[in-house]
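K.L.:
Numbering of the sequence shown is given in the working numbering, commencing with residue -11 and proceeding in unit increments.
Each residue gets a CB set at the ideal place from its N, CA and C atoms; glycine is no exception.
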Amino acid sequence: MDEFSRIQTFINVVEAGSFSAAARHISSVSAVARQVKSLEDELGVRLLQRSTRRLSLTEPGRLFYERMCAVAHDLRNAKSEAQSFQETVKGVLRVSLRVVTGPTIIVPALPRLLSQYPELSVEVSLTDEKQNLIMDNIDVAVWMGDLPNSDLIARRLNPGHRIVCGSPAYLSAMGIPKKPSDLRSHKCIVYSAHSYTNRWSFSKNGNVEEVVVNGGIRSDNGLVLLSSALAGTGLVLVHDWMVRLPLSSGQLVQVLDGYTVNPRPGDAEFFAVYTSSRGLSKKVRVFVDFLVNLFNEDAA
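Have a look at this one:
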């Protein structure tokens, strides 16, 4: 058994949580345990605390695990760089998408990408957290807001603007607002995340008008806002790219389109993020270009 195979087995055991779980895909339980024991004997330290119920990392085990994850990451990158010279784009691309942006914008467009590159497969996870791309083995992530790591490469995705829209059923029942002040008599779905309020600001011909809106639903989750608007609960203020598909299908209708919705302090930009070394991977470059083009479609 070569040294890197033993290290990879150790990583698999840590991530699987037990020898038996790690052995399901690579070997027998006894073989996995022997590999980890051989590694510990060579290093002269115990990497894992064993008990009848679970495994846990010792302090040297935790440090060794973090360092070896980085080594495994570099090895994958080296292979990706070599493979990037192929004309075809193939392999598994692991992407982390935001909870709202992924299902509403990116995932519905993936068939286009996969039809162009049939040997490529995309593994999607959804989270609004800024994960460690190396430790979590993520090729590309979509993040919002500031970037915490200078070693990351980021490309801006959202050139769009915010709009107000509602379902045809709601507008038929409640009427179409002609000016921002009309919103006071409407049911509005309010985004309640940190730094956002129920005060919507509009401008037209240099004049700014702010309106305090209210309604039956508030949420800090964009999917709740979107599904509520589609259900006819009220009017919602969202980024235009978020409702591109419902607008094109007629499920939602934009109102107050003669006004500009002014940005809020809580508004943040979206970025496609990847590590500097993974930027050399052809499948990463293809996917990031796909995201940039997707968010720029029909952008004003």
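Roughly how many angstroms lie between the CA atoms of Asn284 and Ser(-7), to the nearest whole one?
P.N.:
Using only the alpha carbons, I get a separation of about 44 Å.
K.L.:
Can you tell me which of Leu223, Trp188, Leu240 puts its alpha carbon nearest to the alpha carbon of Thr248?
P.N.:
The option with the nearest alpha carbon to Thr248 is Trp188.
K.L.:
State the Cα-Cα distance for the pair Ala4 and Ala97, rounded to the nearest angstrom.
P.N.:
The straight-line gap from Cα to Cα measures roughly 32 Å.
K.L.:
Once DSSP output is grouped into helix, strand and coil, what is the label at Ala288?
P.N.:
With a pLDDT of 44 at Ala288, under the threshold of 50, the modelled position of that residue is not reliable, and no figure is offered here.
K.L.:
List the DSSP bridge partners of Gln37.
P.N.:
Ser44, per the DSSP bridge assignment.
K.L.:
Taking only the alpha-carbon atoms, compute the straight-line gap between Ile164 and Ser180 and give it to the nearest angstrom.
P.N.:
Between Ile164 and Ser180, the C-alpha separation is close to 24 Å.
K.L.:
Any idea if Ala288 is buried or exposed, counting beta-carbon neighbours within 10 angstroms, 16 or more meaning buried?
P.N.:
Residue confidence for Ala288 is low, a pLDDT of 44 falling below 50, so the modelled location carries little weight and cannot support an answer.
K.L.:
Could you check the C-alpha separation between Leu225 and Asn125 for me, to the nearest Å?
P.N.:
Looking at the two C-alpha atoms, the distance is approximately 35 Å.
K.L.:
Where in the region 228 to 261 do unbroken runs of the alpha helix (DSSP H), each at least 4 residues long, occur, reported from the N-terminal end onward?
P.N.:
Correct list: 232 to 237.
K.L.:
Express the C-alpha separation of Gly220 and Asn202 in angstroms, rounding to a whole number.
P.N.:
Cα-Cα distance, rounded: 15 Å.
K.L.:
Kindly indicate which three-state DSSP category Ala129 falls into: helix, strand or coil?
P.N.:
Ala129 falls in the strand class under three-state DSSP.
K.L.:
Compare the beta carbon distance of Val2 and Ser8 with 8 Å and say whether it is the shorter of the two.
P.N.:
The answer is no: Cβ separation not under 8 Å.
K.L.:
Please go through the same chain and pick out, in chain order, the residues whose beta-carbon is closer than 6 Å to the beta-carbon of Val88, but skip the five residues on each side of it.
P.N.:
Gly210, Leu211, listed in sequence order.
K.L.:
Measuring straight from C-alpha to C-alpha, what distance separates Val83 and Gly133?
P.N.:
Between Val83 and Gly133, the C-alpha separation is close to 18 Å.
K.L.:
Quick one: measure Cβ to Cβ for Ile141 and Ser264, integer angstroms, because I've assumed they're closer than 8 Å.
P.N.:
About 6 Å; that satisfies the 8 Å criterion.
K.L.:
If Val199 and Leu171 are in contact, beta carbons under 8 Å, what's the gap, nearest whole angstrom?
P.N.:
That pair is a contact at about 5 Å.
K.L.:
Please confirm if the region 183 to 197 is in contact with the region 108 to 117, defined as three or more CB-CB distances below 8 Å between the two stretches.
P.N.:
Contact between the region 183 to 197 and the region 108 to 117 is absent, because fewer than three Cβ pairs lie under 8 Å.
K.L.:
Just to confirm my understanding: we take Leu81, look at its own chain, exclude 5 residues before and 5 after, and list those with CB closer than 8 Å. What are they?
P.N.:
Once the five neighbours on either side are set aside, the close Cβ partners of Leu81 are Leu108, Ser109, Val110, Glu111, Asp127, Val128, Lys271, Val272, Phe275.
K.L.:
So is Met123 buried or exposed if we call it buried at 16+ other beta carbons inside 10 Å?
P.N.:
Under this definition Met123 is an exposed residue.
K.L.:
To which residues of the same chain is Leu45 closer than 8 Å at the C-beta, ignoring the five residues directly before and after it?
P.N.:
Answer for Leu45: Val2, Leu35, Leu36, Gln37, Tyr53, listed in chain order.
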